[in-house]
Each structure stands twice: as C-alpha cells, then as structure tokens.
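Worksheet: one structure, shown below.
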Amino acid sequence: MRFYILVLMIIIALLIQVTLLNFISIWGVKPDLVLIIVTFDAFLRGSREGALIGFLGGLFEDLAVGSYIGMNALSMMAAGYLAGLTESRLYKESSLIVAFLVWVSSFTAQLINYILLSMMEVYIAPGVAFFNVIMPTAAYTALLALLFYRRFLRSNNKGLLYTDKI
Amino acid sequence: MIGRNNTRKIVLLGVLVIFMLTLMNYTRFGRIGVSPMETALKDLFAPVQGLVMNLGHRLRGLVSFPFALVNMADENQLMRKRITELEGRLRQYGELQSENERLKKLLDFKTVVAPVMGYDLAAASVIGREPGNWFGIITINKGAGDGLKPNMVVVNDQGLIGRITSVSSHTAEVLLITDPRSGVAALIQENRAPGMVEGVASSPGRVRMVHVPIGTQVNKGQVVVTSGFGSLYPKGIPVGQVMEADREPSGLFMSAMILPFVDFNRLEEVMVITGTRSPQGEAKTAQLPYPWGEGKTDLRGRSPGAIRANERYGVAGR
C-alpha cells in the first residue's frame, strides 16, 4: 500500500512540476518535487527503498521529458541510494538536517545529469551549469523541502505511509 | 571479501546502468518518432495537464505573492512613479481585460501579420513545461491529429518561440529557442550580419548570438531576425534585440547577448506555422507593426509587435 501511495505522490508531484511550478520559478529555476519525495523516503526507509523509488521517480520524469530516457532514472537512483545511507545515522526529527540532505541529493542528481548530458554530447559550459542550474536548483529544492518534511514524517510514523514492514 | 550475493547485486546494477545508458542514447534528442507507450502516456495526461495549467493561471497571483515581496521595496518606488503615468493611461483606455486582449492580439496577428508574411497558422495552448531546469521545452495541446508535424515553427505575436520536436496524437513538444540545444540561423536586421542564435541553460530571458563576423557593427537595440538559411525557420521572424556584444574567445567572431521579444515565462497561447506561401511583397511587410515590420516601439512589457485590438496595421501601436 505504502508503495502505491508513494507512486501516486510522485505522479502528482510530477504533474505539479510540469504545470504549476513554472509560476513560482525564480530566475528560470524551479524546484524538483519528485526528488524531495525520493530523499524523504530514502532518509526514513534506507538506501534500498531510496534507490528503487529514486529510479521510478526519475523514470517518470524522463517519460515526461521524452528524450534521454534513463538520465533522471540513474541520477535519482544514485541520489536516493546516497540519501538512504544516512537513515540510521542522522536525527530524524530535524527539518534542517533533512533540508541539507535534500540539498546534497539534488546537487548529486544534477551533477550526474550534467555528466550524463556531456556523455550524450550536449555541451553546457561548466560555469553556466553550476551557477545557473545545479546550485540554484539544489538551494530552491532544499528550501521547499523545509515546508513538507514534518507532514511527510507524521504520515510515515502514523499516517497513510505507515507500515510495520522493514 | 565480496560475497556471492553482493557480486550478483553488482552485476545486476551494471546491467541496469548499461541498459539505461543504451536507452538514453536511443532516445537522445533529435529523434522524430515517439514510442507507442510514450504516445499513450502523453495523450492520457494531456487533458489533466490542461486542467491543472488552467488552474495555475488563475492562481498565479496568489502563488507568486510571497516571492514578489522580496523585491517589494525597490518595486514600490518604481510603482509610485508608474501609478501616476498609468492612471492617465487608464483614464484613456479604461479597464483592460488581460486575457481578452491577449487573445485579440493573437487573432489580429493571425488576420493581419500572417497573411502578409504568408503563414498558415494553427493556435494552441501551453499545457506543460519540462520538469527539470536544464532545457526549455513546452508541451502544447495540439498534435498529429491536428496536422502538426516535427520541425514546424512556433511563434506568437511577439516573435519566434521555437520549433516542434515531437508529436503525439493530441500534444506536441516545442523546443524553445532558449534551450541550449537550439540553434537558429539569424541575422542582424540593420546590417544583415549573419550569426547563430543559441539558448543558454536555465536563462529563459536571454539567448546568445554567436559566430557574428568580426568587424560587424553590433549595437545595443539592433533587431535580430531569422535569416531563413537552413530552410527550417522562415526568413524574417523577429527573435530579439541586442543587449551587449563581445568578441568570442577564439577572436575570430563576435557574440552578442539577445533579449528575446517573447516573454518565455508568460507563454500561454502560441501559433504554429503549418505552411508558408510567398510573402505579399516588401511594401506590405514594412507596414507591419514592430518588430514584424517597421512600426516604431522600443519598450518591452508593452507587447512590442503586438497589434492592439481594432487597430489597423501600418499604425504604430503607441
């Protein structure tokens, strides 16, 4: 059940991302809602589930873009896996810690995307990629994560996302 | 030591990575066809995207309000000056219904500019944008079923928007000229100096014109239009205005930052050029409003090139 709810959340997040988020883009940059869900889930459930949900979330994003299918799947899988490694190491009640974790996840995912794009012969100047895309996306995504983490945590502990399976 | 189980996992991960890289390569930008599964997914989500986008337009003011607060102090002073100016104008023009006016402008564009330029047009609404920040792609609510095909050029009353890269039955993806993968053969209208207009990643408000021959007089405010070389973009579509020019690192060419006429953050309706005929002569083209013709206007934000409703062409929109 938890899995299906997460998939539904990712689809809704993606739908918002391709439509409504354009209205709150800052300097042309919008946050990555799917990555927020992936990181939250990985942080609470571990790297195995983080990688799986990251892969699925990324694949949905790829299908929405329609080209370079697999790019976001790989980068989000890696980001989910990395975020999951902190599962038993960090304090789970702090939104600030999670916001920092989202920043790291987003930075990692965007960096992997940049490397994969270079491999596909899409050349974007490193300065432009770093300062126009990677850094602002990571910062904006992390800021937005602050708004949602408590709600996600509550749902994970005793709400719709609660499960006793490990 | 790596256990048998771990070896299996590593091999599986390797296979997955290789498979995804192959898939990425297969689906890399530039392919024309869309797989049946992608078509089904796009068509399934198109109506929902349309609804959510519509909701977004209504909620725009509400959602963007907290962000607008950041620049409120500076804007406040500017606003005070403008209020006086605008009040005068408001008395003259009365209250404008923004959506109504936007649509009228497009209609005027279709009935006045398009026949002179020789374009057959199809109107479409923007129903989605690329979810990430690397590229500039929009999804529109018309597709192969409406006669749209890849490589058709997309414009609005302000100028060039981009070109269609793929179509499903009821949607089409448009590569904006601000996308770093986009290249538009263009020239500076005043001195006919050629160049290539490229997008800059995550900079929806700017494009760069590169490979401009050295020695060309490139000045701020000069208009850049499509050159028609390469036969993809018809000649004479306004792209933007030169903001600043510099010598390229190679020293052999110049490059210029261009401010597009189109406001890419506010794209709601677009026009797809579905066919072209011969333009109706230079004389008529010259009568069109700026930037399509030689009408006079130089202020952004006042819809350069837009023909106001009920205005005859040949009369500058002041």
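Chains as they are written, first to last, in this note's numbering: chain D, 1 to 166; chain C, 1 to 318.
For every residue, glycine included, the Cβ atom is placed at its ideal position computed from N, Cα and C.
Quick caveat: nothing in here was measured; it's all calculated off a predicted structure.
Using 8 Å for Cβ pairs, my map puts residue i next to residue j. What's the rounded Cβ distance?
i, j, result
"L161 of chain D", "S155 of chain D", "4 Å"
"S169 of chain C", "G145 of chain C", "5 Å"
"N156 of chain C", "V239 of chain C", "Contact doesn't hold; Cβ gap of about 13 Å is too wide."
"F55 of chain D", "I10 of chain D", "With a Cβ gap of about 11 Å, F55 of chain D and I10 of chain D do not count as contacting."
Nearest chain C C-beta to residue i closer than 7 Å, yes or no?
i, result
"S67 of chain D", "yes"
"G46 of chain D", "no"
"N156 of chain D", "no"
"T39 of chain D", "no"
"T108 of chain D", "no"
"L35 of chain D", "no"
"V104 of chain D", "no"
"L101 of chain D", "no"
"V7 of chain D", "no"
"F52 of chain D", "The sequence shown places Leu at residue 52 of chain D, rather than the Phe named in the question. For L52 of chain D, the answer is no, since every Cβ of chain C falls outside 7 Å of its Cβ."
"T19 of chain D", "yes"
"L15 of chain D", "yes"
"V29 of chain D", "yes"
Measuring only between beta-carbons, confirm whether residue i sits less than 7 Å from chain D.
i, result
"T297 of chain C", "With a pLDDT of 42 at T297 of chain C, under the threshold of 50, the modelled position of that residue is not reliable, and the figure given next carries that caveat. Cβ-Cβ to chain D under 7 Å: no for T297 of chain C."
"E173 of chain C", "yes"
"A73 of chain C", "no"
"R8 of chain C", "no"
"A144 of chain C", "no"
"A201 of chain C", "yes"
"E95 of chain C", "Low confidence applies to E95 of chain C: its pLDDT is 49, below 50, so where it sits in the model is not reliable, and the reading given next is rough at best. No, its Cβ sits nowhere closer than 7 Å to a Cβ of chain D."
For a quick check, are the C-beta atoms of residue i and residue j less than 7 Å apart?
i, j, result
"I137 of chain C", "E130 of chain C", "yes"
"R206 of chain C", "M257 of chain C", "yes"
"G143 of chain C", "A172 of chain C", "yes"
"G80 of chain D", "G46 of chain D", "no"
"A13 of chain D", "V29 of chain D", "no"
"L101 of chain D", "T39 of chain D", "yes"
"V122 of chain D", "N133 of chain C", "no"
"Q110 of chain D", "T86 of chain D", "no"
"T27 of chain C", "S75 of chain D", "no"
"V52 of chain C", "L15 of chain D", "yes"
"V242 of chain C", "V154 of chain C", "no"
"K110 of chain C", "L103 of chain C", "no"
"A185 of chain C", "G236 of chain C", "no"
"A78 of chain D", "M20 of chain C", "no"
"V128 of chain D", "A201 of chain C", "yes"
Considering only residues of the same chain and omitting the five flanking positions on each side of residue i, which have a CB-CB separation below 7 Å?
i, result
"L252 of chain C", "I214"
"I191 of chain C", "Reading off the sequence shown, one finds Asn at residue 191 of chain C, where the question assumed Ile. Excluding positions up to five away in sequence, the list reads T216, Q217."
"G70 of chain D", "D62"
"A83 of chain D", "T39, A42, F43, G50, L101, S105"
"R2 of chain D", "L161, T163"
"L144 of chain D", "P31, I36"
"K220 of chain C", "V242, M243, E244"
"A193 of chain C", "L187, V212, P213, T216"
"M152 of chain C", "R163, I164, V272, I273, T274"
Give me, in chain order, the residues of the same chain whose beta-carbon lies closer than 8 Å to that of residue i; leave out the 5 immediate sequence neighbours on both sides.
i, result
"L6 of chain D", "I37, D41, I53, L161"
"D179 of chain C", "F135, G136, I137, G162, G199"
"D32 of chain D", "Q17, S106, A109, T137, T141"
"E95 of chain C", "With a pLDDT of 49 at E95 of chain C, under the threshold of 50, the modelled position of this residue cannot be trusted, and the question is left open."
"G275 of chain C", "Y119, D120"
For a test of your reading of the model: does the CB of residue i fall under 6 Å from any non-hydrogen atom of the ligand SAH? Yes or no.
i, result
"P238 of chain C", "The ligand SAH is not part of the structure shown, which contains no ligands of any sort."
Counting only the same chain and skipping the five closest in sequence on each side, list residues whose C-beta sits under 6 Å from that of residue i.
i, result
"Q49 of chain C", "I127, G128"
"E75 of chain C", "none"
"L267 of chain C", "V126"
"Q189 of chain C", "V223, V225"
"K9 of chain C", "none"
Below 8 Å between beta carbons is the criterion; list the residues of the stretch 114 to 137 of chain C that meet it against any residue of chain D, in chain order. I127, G128, R129, E130, P131, G132, N133, W134, F135, I137
Quick one: which residues of the stretch 15 to 27 of chain C get their C-beta closer than 9 Å to a C-beta of chain D? List them in chain order. L16, V17, F19, M20, L21, T22, L23, M24, N25, Y26, T27
When Cβ atoms are compared, which residues of the stretch 177 to 194 of chain C fall closer than 8 Å to chain D? P180, R181
Using a Cβ cut-off of 8 Å, which residues of the stretch 39 to 55 of chain C contact any Cβ in chain D, in chain order? L41, K42, F45, V48, Q49, V52, M53, L55
Near-chain C residues of the stretch 56 to 80 of chain D (beta-carbon distance less than 7 Å), N- to C-terminal order: E61, L63, A64, V65, G66, S67, Y68, I69, G70, M71, A73, L74
Under 8 Å (Cβ pairs) to chain D, residues found in the stretch 231 to 254 of chain C: none
With 7 Å as the limit, tell me which residues of the stretch 121 to 153 of chain D have their beta carbon closer than that to any beta carbon of chain C; keep them in chain order. V122, I124, V128, A129, N132, V133, T137
Taking a Cβ distance cut-off of 7 Å, strictly less, list which residues of the stretch 154 to 166 of chain C are near chain D, in chain order. S166
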